[in-house]
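What follows is one structure encoded as structure tokens, with my remarks underneath.
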Amino acid sequence: MSRRGWMLFALMSVLWGIPYLLIKVAVESVSVPMVVFARTALGVLVLLPLAVRAGRLDVVRRHWRPLLLFTAVEILGPWALLSDAENRLTSSMTGLLIAAVPIIGVVFARLTGDAERLGPLRWAGLLVGLAGVGVLAGPHLGGGSAWSIGEVMLVAVGYAIAPMIATRRLQDLPSLHLAAFSLTIAALAYTGPAIATWPSAMPDGRVLAALAALGLVCTALAFIVFFELIREVGTSRGMVFTYVNPAVAVAAGVVFLDEPLSGTIIASFLLILGGSVLATARRSPAAAPEAAPAAAPVPPPEDGAQALGTAAKPTPAPAPEH
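Structure follows, in structure tokens:
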């Protein structure tokens, strides 16, 4: 990988590893709808003009139904559930639970027509990853934490389903358009709830900074950097950063929010990460051809960077988040 590729890779690992920290800070003072609205609206301000300037709006109109479905399972539901869950869970625990997305993706791909046979290695990965989720969630299944853990797991399911919709129904939609218009739909949907729950007093600077960073850095800038990373190194290499995000989430929570770094967290991280790698492993070239593995929830498709200036026709690749 080139030096530029490594720089983009490192940047993406941070940009989609710190949203959990920022969400945790934001929900201290503003409502869940406000968090989602601020993030999506700021992302729209940056990405929608780029998409309109790139043209091909007719493609968006032709795909409005799967685009709505994609938005629902990738943004509308997950970003609200994630923000609500972080009212009770630590940001590091949330980030680790979301790391199970590749494992869930493999299961859904198999259940929805993926003809590939799961070999012993990938079955072992599924079991190891699920064990990691159990180690992390087990001690917290009593009281309100059980509800929050359920919310995060629903988010993981949404993040696993969304890439399948993008791959099967939105292949003709350029990546920039997919990101810009899904954010636009979400921002419009949350405008009313955000107004209804508008804070009575101006949030402090810490919260405002978290909201601004979520929208401008972790959404708008992150999508643009992601497009560049995929163009530079390709989808397979580019998506490896999703395995680094949980470590960034844990480190950010420990350093900035004084969240605990226990042996349970370390053990669950190793189990979930190892399980994800094994469950999404490709077979050797000598083996039968394999379908592309499910990766963490990343909305934009392959070759999306080209959509910033040209009318690319990408192959979608999976996202979160986020």
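Counted the way UniProt numbering counts, the sequence shown spans residues 1 to 322.
Note that beta-carbon positions come from the ideal geometry of N, C-alpha and C, so glycine has one too.
Problem - Same chain only: Cβ atoms within 8 Å of G5, ignoring 5 sequence neighbours per side - result: Taking the sequence shown and counting its residues from 1, one reaches residue 5 at position 5. Cβ within range, chain order: L229, E232, V233 and R237.
Practice task
In the DSSP assignment, find the unbroken alpha helix (DSSP H) run with V233 in it and report its ends.
Solution key: Here residue 233 corresponds to residue number 233 of the sequence shown, with the count starting at 1. Where V233 is concerned, the enclosing alpha helix (DSSP H) stretches over A222 to V233.
Problem - DSSP three-state assignment for N245, whether helix, strand or coil - result: Within the sequence shown, the letter at position 245 stands for residue 245. The answer is helix: DSSP assigns N245 an H, G or I state.
Exercise for the section: Quick one: grab the DSSP three-state call for E86. Expected result: To locate residue 86, count along the sequence shown from 1; it is residue 86. Coil.
Problem - Rounded straight-line distance, which links the Cα of T242 to that of M12 - result: The residue you call residue 12 lines up with position 12 of the sequence shown. The residue you call residue 242 lines up with position 242 of the sequence shown. Taking the straight line joining both Cα atoms gives about 9 Å.
Handout entry: Test item: CB-CB of V135 and L271 under 8 Å
Key = Here residue 135 corresponds to residue number 135 of the sequence shown, with the count starting at 1. Here residue 271 corresponds to residue number 271 of the sequence shown, with the count starting at 1. Yes, the pair counts as a contact, with Cβ atoms nearer than the cut-off.
Practice task
Determine the closest residue to V60 out of G274, A251, L176 and P203, with distance taken between C-alpha atoms.
Solution key: Indexing the sequence shown from 1 puts residue 60 at position 60. Of the candidates G274, A251, L176 and P203, the one whose C-alpha sits nearest the C-alpha of V60 is L176.
Handout entry: L261, enclosing alpha helix (DSSP H) - first and last residue
Key = Residue mapping note: residue 261 aligns to position 261 of the sequence shown, counting from 1. Here L261 belongs to no alpha helix (DSSP H), and DSSP marks it neither H nor E.
Handout entry: Runs of alpha helix (DSSP H) lying entirely within the UniProt domain "EamA" (5 to 136), each at least 4 residues, in chain order
Key = 19 to 26, 32 to 54, 57 to 62, 64 to 71, 77 to 85, 91 to 98 and 101 to 111
Practice task
Quick one: residues in its chain with C-beta nearer than 7 Å to the C-beta of A124, no 5 flanking neighbours on either side, listed in chain order?
Solution key: For this step, residue 124 is matched to residue 124 along the sequence shown. So the list reads L278, once near-sequence residues are dropped.
Exercise for the section: For R206, I'd like the list of residues in its chain whose CB is within less than 7 Å of its CB, leaving aside the five on either flank, ordered along the chain. Expected result: Taking the first residue of the sequence shown as position 1, residue 206 is located at position 206. Result list for R206: V25, in chain order.
Handout entry: Closest by C-alpha distance to M202, when choosing among P19, L15 and M34
Key = Here residue 202 refers to the residue found at position 202 when the sequence shown is read from its first residue. The residue with the shortest Cα to Cα distance from M202 is M34.
Exercise for the section: With DSSP as the reference, label M202 as helix, strand or coil. Expected result: Numbered from 1 along the sequence shown, position 202 holds the residue referred to as residue 202. Of the three classes helix, strand and coil, the one that applies to M202 here is coil, per DSSP.
Handout entry: Assumed close pair G132, G275 - CB separation to whole angstroms, cut-off 8 Å
Key = Walking along the sequence shown from the start, residue 132 turns up at place 132. Walking along the sequence shown from the start, residue 275 turns up at place 275. G132 to G275, Cβ: 6 Å. Contact.
Exercise for the section: Determine the contact status of V225 and L50, defining contact as a CB-CB distance below 8 Å. Expected result: The residue labelled residue 225 in the question sits at position 225 within the sequence shown. The residue labelled residue 50 in the question sits at position 50 within the sequence shown. Contact flag unset, no.
Exercise for the section: State the CB to CB distance for the pair A247 and F37, rounded to an integer number of angstroms; the pair is presumed to be in contact (CB under 8 Å). Expected result: Taking the sequence shown and counting its residues from 1, one reaches residue 247 at position 247. Taking the sequence shown and counting its residues from 1, one reaches residue 37 at position 37. At roughly 29 Å, the Cβ-Cβ gap does not stay under 8 Å, so A247 and F37 are not in contact.
Exercise for the section: Specify whether the region 100 to 111 and the region 212 to 219 touch according to this definition: at least 3 beta carbon pairs, one from each stretch, less than 8 Å apart. Expected result: no
Problem - Through-space distance from F227 to S2, alpha-carbon basis - result: In the sequence shown, the residue the question calls residue 2 occupies position 2. In the sequence shown, the residue the question calls residue 227 occupies position 227. So the two alpha carbons sit approximately 16 Å from each other.
Problem - Pairwise C-alpha distance: L22 and L15 - result: Translated into the one-based positions of the sequence shown, residue 15 becomes position 15. Translated into the one-based positions of the sequence shown, residue 22 becomes position 22. Answer to the nearest angstrom: the Cα atoms are 11 Å apart.
Problem - Reference P163; option with closest CA among L121, L130 and V101 - result: For the purposes of this step, residue 163 is taken as the residue at position 163 of the sequence shown. Nearest option by C-alpha distance: V101.
Problem - Three-state secondary structure (DSSP) of T191 - result: Locating residue 191 in the sequence shown gives position 191, where the first residue counts as 1. Helix.
Practice task
Excluding the 5 residues preceding and the 5 following V128 in the sequence, name in chain order all residues of the same chain whose CB lies nearer than 7 Å to its CB.
Solution key: By one-based count along the sequence shown, residue 128 stands at place 128. The residues are L271, G274, G275 and L278.
Exercise for the section: Please report how far the alpha carbon of L47 lies from the alpha carbon of P120, in whole angstroms. Expected result: Taking the first residue of the sequence shown as position 1, residue 47 is located at position 47. Taking the first residue of the sequence shown as position 1, residue 120 is located at position 120. The straight-line gap from Cα to Cα measures roughly 43 Å.
Practice task
Assign L308 to one of two classes, buried (16 or more other C-beta atoms within 10 Å of its C-beta) or exposed (fewer than that).
Solution key: Here residue 308 is taken as the residue at index 308 of the sequence shown, counted from 1. With a pLDDT of 39 at L308, under the threshold of 50, the predicted position of this residue should be treated as unreliable, though the coordinate-derived value follows. Buried is the call here.
Problem - Pairwise C-alpha distance: A249 and G17 - result: If you number the sequence shown from 1, residue 17 lands on position 17. If you number the sequence shown from 1, residue 249 lands on position 249. Answer to the nearest angstrom: the Cα atoms are 5 Å apart.
Exercise for the section: Apply the 10 Å Cβ neighbour rule to D258 and answer buried if 16 or more other Cβ atoms are within range, or exposed otherwise. Expected result: The sequence position of residue 258 within the sequence shown is 258, counting from 1. Exposed: under 16 other Cβ atoms inside 10 Å.
Exercise for the section: Just the C-alpha distance for L126 and A196, rounded to the nearest angstrom, thanks. Expected result: Walking along the sequence shown from the start, residue 126 turns up at place 126. Walking along the sequence shown from the start, residue 196 turns up at place 196. The alpha-carbon atoms of L126 and A196 are separated by roughly 42 Å.
Practice task
Confirm, please, whether the CB-CB distance from L81 to L154 is below 8 Å.
Solution key: On the sequence shown, position 154 is the one that residue 154 refers to. On the sequence shown, position 81 is the one that residue 81 refers to. A contact, by the Cβ cut-off of 8 Å.
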